[in-house]
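Visitor: Protein sequences, first through last, are from chains E and A. The opening position of the first sequence corresponds to residue 1 in the UniProt record's numbering, with each subsequent residue numbered one higher. The opening position of the second sequence corresponds to residue 1 in the UniProt record's numbering, with each subsequent residue numbered one higher. To start, I am sharing the structure in question, which I have written as structure tokens.
Protein chains: 2
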Amino acid sequence: MNNIDTMSVNAIRVLAADAVQKANSGHPGLPLGSAAMAYELWAKHMNHNPANPKWANRDRFILSGGHGSTLLYSLLHLFGYGDLSIEDLAQFRQLDSKTPGHPEYGHTVGVEATTGPLGAGMGMAVGMAMSEAHLAAKFNKDNYKVVDHYTFVLGGDGCMMEGISSEAFSLAGTLGLDKLIVLYDSNKISIEGDTDIAFTEDVKKRFEAFGFQTLVVEDGNNLEEIGKAIEAAKADKTRPSMITVKTKIGFGCPAKEGKASAHGEPLGADNVTALKENLGWPKQDAFYVPEEVYDNYKTIAKSNAKVEEEWNAMFAEYAKAYPEMKELWDTYYDENAAKKLIDDEEFWAFADKPEATRNLSHMVINRIKDILPNFIGGSADLAPSTKTYMNGEGDFSKNDYSGRNLHFGVRELAMAAIGNGMALHGGLRAYVSTFFVFSDYVKPMARLSSLMGVPLTYVLTHDSIGVGEDGPTHEPIEQLAMLRSMPNINVFRPADATETIAAWYHAITSTTAPTALVLTRQNLPQLPGSSKEALKGGYVIDDSKKAVPDAIILASGSEVELGVNAKAELAKEGIDVRVVSIPCMDLFEQQSAEYKEAVLPKAVRARVAVEAATDFGWGKYVGLDGAYVTMKGFGASAPANLLFEKFGFTTENVVATVKGIL
Amino acid sequence: MNNIDTMSVNAIRVLAADAVQKANSGHPGLPLGSAAMAYELWAKHMNHNPANPKWANRDRFILSGGHGSTLLYSLLHLFGYGDLSIEDLAQFRQLDSKTPGHPEYGHTVGVEATTGPLGAGMGMAVGMAMSEAHLAAKFNKDNYKVVDHYTFVLGGDGCMMEGISSEAFSLAGTLGLDKLIVLYDSNKISIEGDTDIAFTEDVKKRFEAFGFQTLVVEDGNNLEEIGKAIEAAKADKTRPSMITVKTKIGFGCPAKEGKASAHGEPLGADNVTALKENLGWPKQDAFYVPEEVYDNYKTIAKSNAKVEEEWNAMFAEYAKAYPEMKELWDTYYDENAAKKLIDDEEFWAFADKPEATRNLSHMVINRIKDILPNFIGGSADLAPSTKTYMNGEGDFSKNDYSGRNLHFGVRELAMAAIGNGMALHGGLRAYVSTFFVFSDYVKPMARLSSLMGVPLTYVLTHDSIGVGEDGPTHEPIEQLAMLRSMPNINVFRPADATETIAAWYHAITSTTAPTALVLTRQNLPQLPGSSKEALKGGYVIDDSKKAVPDAIILASGSEVELGVNAKAELAKEGIDVRVVSIPCMDLFEQQSAEYKEAVLPKAVRARVAVEAATDFGWGKYVGLDGAYVTMKGFGASAPANLLFEKFGFTTENVVATVKGIL
């Protein structure tokens, strides 16, 4: 290893240690331990152009062990990404800085994914590799491999312990994603001590079981060995690869090296000094990097820029040779392609007969697939039930990456992470699907969708006690509250065809937030009052005669029908009720105060919320004087119609509840 | 295989097929495929006494593939458990029957765990095996192995795909839980078709990587081979075992065997007839079982009863030889042992200085460990941060199962399932712990805690933007809403030492519901008004002068202090405010209408909720006229004090908000 390489590796270490020390908070252990593999990868094996971080064909790199963010920030600074300055590094973990505690997508240029919750990056990397494989299958032509890049992910023991990594990599092996390369920072240390206390498994063997090529680098500071392993990984054209890189946590810091205490706290000023001395660093000044090191990084960055130039030239030729493909490419990368559908009558058409919203969703999915060629998705082994199959679009498999139907297996959490990865990659609009009750499994990764603002769509069917015989383990109660309470996700629970189409319209036109579609197993009638107003999240679906009604019934999904029926009954008794459909509480909240007042006049205090779910979250509309027809506990196993009756979801009970508060 | 065994196996198949057909709903595939292994296990290798399903030393059996519930119900009926009758089987999946769609703990005698969400049973089985190992280490004496039983778990491809099984079994291998035996019903079929579409991994090899003994039975109908494998599994005294049993889904039904369609729908009347003909079943009548088959099961049940008799005799001798151990045993199995603490001054004592509630919790944990010898728990690799270590109580490890500190590794979901399994096993009172934001990972299994009503305690620290520099991936926003909205769990967010002790008191005295403790990273002051009233979930912590205050401030945890400070400021301006602390919304909801009215008089409409979390769920107390000081989106990365300021959690802002609605 020549001196400039050593210096360049150590620059990462020094910057990471200084940043954590300055912040007096952070995780120096991972950056110190894995600086060498990261440098070798970024400097010599990864196609990336710091001058254009959004180059479509760049190799992707995800730091799954997001706590080691200073590793990434140091690399981004040294390579000159987005003018990330020394001052930015010195502002590590400070208010409004570009260098938050964990890497945040959309916040810092060059960060491909938000990571921190362990294992998440592993799943997202698989999603990116799937996107690459699909786009390559769709776009590449002889001599024009316009989509041809690797996805690298780096994580440690924690990422490997998390179940999501087993889920994601089992699928990656099945799919033979040969351009996925996992760097396992194996340092044998966890927060509670040596990994032997909880993790003696043979990780390499597990990956062999998944169908990976497995490689081992015994000395995590040996750049040559690391480089050879990466090239061997690239050379395998049938399997993904996992490289175990044996490292020492906190490498270079004599007092901390190999210890759990190196993980998540500053080294201490004395130890930072000792680190620099030990590494033979020329100066002790904080954030000092010799010019020759910067020059080295600059040289590499320039040569990387050339790689993009070559690609640009190839792409220009490709566009000439295949103008129809260039046009298709632009469609794939047009986030707003679906907006034209707002007035498309065919898109909004439906048959006026009772239908489950999951079936209506299936109808819409099969419309969208013809409109958006980059629409892709699938289910965690429930497509026949969640009705998410795109007819005639083939299955994404090892033998054919052009299929648009994804089979995730029974792996809900990895599915959501993979969906995030696909959305982050660019070029595709993805959806994922499972039973609504299993949004519980999905939640940690749905949170990342929301935090990153990626427009992934969650199709969640079997949305209430309407599940029926499968019983309480399969009947959502609190899942609506769980998702509605999460920032930056729009949760639709449509009441009929129009609202289902509106929900999908919202989903495929969103550019800044994920959407969840919560759909029934059972048939629902088409409601005369439903309309595109559903896009506002809440609207009057069946109005009172009087401007100020005697009472307001609020409902969503399958219970809107109950509200409409109760209103009709109450009218017979001279009680004038307004029915408000709330297909998406999140969007309704975002409407103007005027609109909300028009729909829900404050003067009307007799308000009843009707929803086959917990009442949790409805109080802001129901107030102190209203009432609820909601679930008070878990569901039960019986035919659905009997359950609705048992739990009070009847016209009679809604009528009685309204009268009870008048 | 002799005729009566064949008949007994087929009785399971016939009953399962009939039950699903009668219900016109259910999953016949698993019971038909795995009837032979289940029979062989229950009839010849499992110590269980149908006459006493709660015998402490019984072998445990969990059907992780809970959708195959008719397998379990048929076994329970045939062995004579709890008078589960043919009529009960005929009522499969009907309202209020003993035979719901998925097995429910506490609902049907002999069901050891609620299953259905795939993989859950795998994790719970590991927990049961850990309980057995710990209790054995604590109680067994030479010649008196009073705790000495196996834990069997049966699941299919779906359970193996779920990440939780990798998490749980990686830990089981690390811990060398030799009395854990996994039966893998390998039929190569999933709902979307052949498992090859998503699951080509070498499962056996994965288990080898985890450190399991792996065994294979090529013919899932060969009782002798199954029996041999089970005995070989028992014979390994250093490792858990996994037996791959190759089966055909829907075995015996010519039109369905080996097909995905056998999984989750009735076979159809004609196919049930064909099944019975194909199996040579003597009669076509629904639910017909020949007397000789019943006799066979009865004979086995009787001989099993003898095994318990022998154990009872041994235990009686043991009690004589070691009276102090018998006394200890009774303490372990006394669910109400902690109730005496309600007036124990030492238990409720604390120092009057600012302290983080996670540290206070650590203090209480270390009191409880001395009071409840069966108190056991640990963290998902975060004990130094969540402060859950019991000092001087040793670590539970392969070399020493008597340790009371559990190391789960970075495996939150499996941790919760394992905690459930430990609680279900009996004899121990368990807690599990992680960062509050990672309750997202925990949620699916916390739901099972709630559904089963097991008193597992969740210690969830770093409860808000008080996390600070780690940033939004680590800062809970919607997690309080997520857990509060779930039925049958009590979520405490204590404001100081008294409330923290109260929360723990509730947790260790609960017998019917899990408890979540949501604790701060940062210091909080001791509040003069806090009291044991916290056990009511909500109470007046700082009262107004007037009986009807001008306004009410509601808060929990770290924000109660803000409420108290704002009240003092407002008093200077002549505004008379009441401060209500809501440490546990769930318990407050359960109080009488009178109590709730006394705390929150309906006449007072000026109400402000203050909580460093989403406002979601506070509306029921705040009403249409109140206001919120809450989080409107995700957090950020910065020192905690700056974040509280940035997001409006200041006395000034609370004061202004109160004045804004007066």
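Positions of the beta carbon are idealized from the N, C-alpha and C atoms, including for glycine. Predicted, not measured: the structure shown is a model, and the values here were computed from it.
Mind checking if residue 663/E is an interface residue toward chain A, Cβ cutoff 9 Å exclusive?
Guide: With chain E represented from 1 up to 662, any question about residue 663/E goes unanswered, as that position is not in the structure.
Visitor: Please tell me whether Lys646/A has its Cβ less than 9 Å away from any Cβ of chain E.
Guide: One-based indexing of the second sequence puts residue 646/A at position 646. Yes, its Cβ sits closer than 9 Å to a Cβ of chain E.
Visitor: Starting from Ile86/E and walking both ways along the alpha helix (DSSP H), at which residues does that stretch end?
Guide: For the purposes of this step, residue 86/E is identified with residue 86 of the first sequence, where counting begins at 1. Run containing Ile86/E: 86-90, per the alpha helix (DSSP H) assignment.
Visitor: Comparing the C-beta of Tyr621/A with each C-beta of chain C, is any distance below 9 Å?
Guide: This model lacks chain C altogether; the protein chains it does include are E and A.
Visitor: Could I get the ranges of all uninterrupted beta strand (DSSP E) runs contained in the stretch 147-194 of chain E, with 3 residues as the minimum, in chain order?
Guide: Here the runs fully enclosed are 151-156, 180-186.
Visitor: By alpha-carbon positions, which one of Asp157/A, Ala547/A, Phe375/A, Asp440/A ends up nearest to Ala120/E?
Guide: The residue labelled residue 120/E in the question sits at position 120 within the first sequence. Measuring from the Cα of Ala120/E, the nearest candidate turns out to be Asp440/A.
Visitor: What does the alpha-carbon distance come out to for the pair Asp219/A and Ile164/A?
Guide: Here residue 219/A is taken as the residue at index 219 of the second sequence, counted from 1. Here residue 164/A is taken as the residue at index 164 of the second sequence, counted from 1. C-alpha separation (whole angstroms): 28 Å.
Visitor: Name the DSSP bridge partner or partners of Ala609/A?
Guide: Along the second sequence, one-based indexing puts residue 609/A at 609. Its beta-bridge partners are Leu554/A, Tyr628/A.
Visitor: Measuring alpha carbon to alpha carbon, tell me which of Gly127/E, Thr509/E, Met585/E, Gly29/E ends up nearest Ile368/E.
Guide: Along the first sequence, one-based indexing puts residue 368/E at 368. Residue Thr509/E is the option with its Cα nearest to Ile368/E.
Visitor: Please go through the same chain and pick out, in chain order, the residues whose beta-carbon is closer than 8 Å to the beta-carbon of Ser8/A, but skip the five residues on each side of it.
Guide: Position 8 of the second sequence holds residue 8/A. Here the set comprises Tyr39, Ala43, Leu78, Val293, Asn296, Tyr297.
Visitor: Please list, in chain order, all residues of the same chain as Ser170/E whose beta carbon is under 8 Å from its beta carbon, the five residues on each side excluded.
Guide: By 1-based counting over the first sequence, the position of residue 170/E is 170. The residues are Phe210, Gly409, Arg411.
Visitor: By a C-beta neighbour count over all protein chains shown, 10 Å radius and 16 as the cutoff for buried, is Pro323/E buried or exposed?
Guide: In the first sequence, counting from the first residue as 1, residue 323/E sits at position 323. With fewer than 16 other Cβ atoms within 10 Å, it is exposed.
Visitor: Using the rule of at least 16 other Cβ atoms within 10 Å of the residue's Cβ for burial, across every protein chain shown, is Leu662/A buried or exposed?
Guide: Position 662 of the second sequence, counted from the first residue, corresponds to residue 662/A. Exposed is the call here.
Visitor: Have a look at His425/A and Asn523/A and give me their C-alpha separation to the nearest angstrom.
Guide: Taking the second sequence and counting its residues from 1, the one referred to as residue 425/A is at position 425. Taking the second sequence and counting its residues from 1, the one referred to as residue 523/A is at position 523. One C-alpha to the other measures close to 37 Å.
Visitor: Are Gly250/A and Leu223/A closer than 9 Å when you measure CB to CB?
Guide: The residue labelled residue 250/A in the question sits at position 250 within the second sequence. The residue labelled residue 223/A in the question sits at position 223 within the second sequence. Taking 9 Å as the Cβ cut-off, Gly250/A and Leu223/A do not qualify as a contacting pair.
Visitor: Rounded to whole angstroms, what's the CA-CA distance from Asp343/A to Asp463/E? Just pull it up for me.
Guide: For this step, residue 343/A is matched to residue 343 along the second sequence. For this step, residue 463/E is matched to residue 463 along the first sequence. Roughly 46 Å separates the two Cα atoms.
Visitor: Applying the criterion that 16 or more other CB atoms from any shown protein chain within 10 Å of the CB defines a buried residue, is Thr108/E buried or exposed?
Guide: Residue 108/E sits at position 108 when you count from the first residue of the first sequence. Per the 10 Å Cβ criterion, buried.
Visitor: Can you give the Cα-Cα distance for Ala598/A and Ala551/E, rounded to whole angstroms?
Guide: As a working mapping, residue 598/A is identified with position 598 in the second sequence. As a working mapping, residue 551/E is identified with position 551 in the first sequence. Taking the straight line joining both Cα atoms gives about 28 Å.
Visitor: Between Leu562/E and Val608/E, what straight-line distance do the alpha-carbon atoms span, to the nearest angstrom?
Guide: Here residue 562/E refers to the residue found at position 562 when the first sequence is read from its first residue. Here residue 608/E refers to the residue found at position 608 when the first sequence is read from its first residue. Going from the Cα of Leu562/E to the Cα of Val608/E covers about 12 Å.
Visitor: Suppose contacts are defined by Cβ-Cβ distances below 9 Å. Is Val245/A in contact with Asp185/A by that definition?
Guide: Working through the second sequence from its first residue, we reach residue 245/A at position 245. Working through the second sequence from its first residue, we reach residue 185/A at position 185. A contact, by the Cβ cut-off of 9 Å.
Visitor: Just how far apart, CA to CA, sit residue 674/A and Leu15/E?
Guide: Outside the modelled stretch of chain A, which goes from 1 to 662, sits residue 674/A, for which no answer is possible.
Visitor: Taking all protein chains shown into account, do 16 or more other C-beta atoms lie within 10 angstroms of the C-beta of Val20/E, making it buried, or fewer, making it exposed?
Guide: Along the first sequence, one-based indexing puts residue 20/E at 20. Result: buried.
Visitor: Assuming Phe436/E contacts Thr461/E under a Cβ cut-off of 8 Å, what Cβ separation, rounded to an integer in Å, is found between them?
Guide: Residue 436/E sits at position 436 when you count from the first residue of the first sequence. Residue 461/E sits at position 461 when you count from the first residue of the first sequence. That belief holds up - the Cβ atoms of Phe436/E and Thr461/E are roughly 6 Å apart, short of 8 Å.
Visitor: When the cut-off is 9 Å and only beta carbons count, does Asp202/A lie next to chain E?
Guide: Sequence index remark: in the second sequence, residue 202/A carries index 202 (1-based). Taking Cβ atoms only, chain E reaches closer than 9 Å to Asp202/A, which makes this a yes.
Visitor: Name the DSSP bridge partner or partners of Thr434/E?
Guide: In the first sequence, residue 434/E corresponds to position 434, counting from 1. Its beta-bridge partners are Leu460/E.
Visitor: If you follow the alpha helix (DSSP H) that Ser8/E is part of, which residue opens it and which one closes it?
Guide: Counted from its first residue, the first sequence places residue 8/E at position 8. Ser8/E -> alpha helix (DSSP H) spans 3-23.
Visitor: Would you say Glu112/E lies against chain A (beta-carbon separation less than 9 Å)?
Guide: Reading the first sequence from its first residue, position 112 is the one you call residue 112/E. Glu112/E does not count as touching chain A.
Visitor: Classify Glu317/A as helix, strand or coil using the three-state DSSP reduction.
Guide: On the second sequence, position 317 is the one that residue 317/A refers to. Helix at Glu317/A.
Visitor: For Glu208/E, does the count of other Cβ atoms within 10 angstroms reach 16, so buried, or fall short, so exposed?
Guide: As a first step, residue 208/E must be located in the first sequence, where it is residue number 208. Counting Cβ neighbours within 10 Å, Glu208/E comes out buried, since at least 16 surround it.
Visitor: By alpha-carbon positions, which one of Gly574/E, Ala627/E, Gly427/E, Leu118/E ends up nearest to Lys54/E?
Guide: Translated into positions along the first sequence, residue 54/E becomes position 54. Taking only the C-alpha atoms, the option nearest Lys54/E is Gly427/E.
Visitor: Can you tell me whether Ile541/A is buried or exposed, with buried defined as 16 or more other CB within 10 angstroms of its CB?
Guide: The count along the second sequence starts at 1 and reaches residue 541/A at position 541. So Ile541/A ends up on the buried side.
Visitor: Indicate whether at least one CB of chain E lies closer than 9 Å to the CB of Arg484/A.
Guide: The count along the second sequence starts at 1 and reaches residue 484/A at position 484. By this cut-off, Arg484/A is an interface position.
Visitor: Enumerated in chain order, which unbroken segments of the beta strand (DSSP E) with a length of 3 residues or greater are wholly contained in the stretch 239-315 of chain A?
Guide: Entirely contained in the stretch 239-315 of chain A, the beta strand (DSSP E) runs reaching 3 residues are, in chain order, 241-246.
Visitor: Please list, in chain order, all residues of the same chain as Ala136/A whose beta carbon is under 6 Å from its beta carbon, the five residues on each side excluded.
Guide: Position 136 of the second sequence, counted from the start, is the residue given in the question as residue 136/A. Excluding sequence neighbours, Ala136/A sits near Val147.
Visitor: Alpha carbon to alpha carbon, what distance is there between Gly155/E and Met1/E?
Guide: Here residue 1/E refers to the residue found at position 1 when the first sequence is read from its first residue. Here residue 155/E refers to the residue found at position 155 when the first sequence is read from its first residue. A caution first: Met1/E carries a pLDDT of 49, below 50, which makes its placement in the model unreliable, though a value can still be read off. When rounded, the distance between both Cα atoms is 24 Å.
Visitor: So is Asn641/E buried or exposed if we call it buried at 16+ other beta carbons inside 10 Å?
Guide: The residue you call residue 641/E lines up with position 641 of the first sequence. Its Cβ having fewer than 16 others within 10 Å, Asn641/E is exposed.
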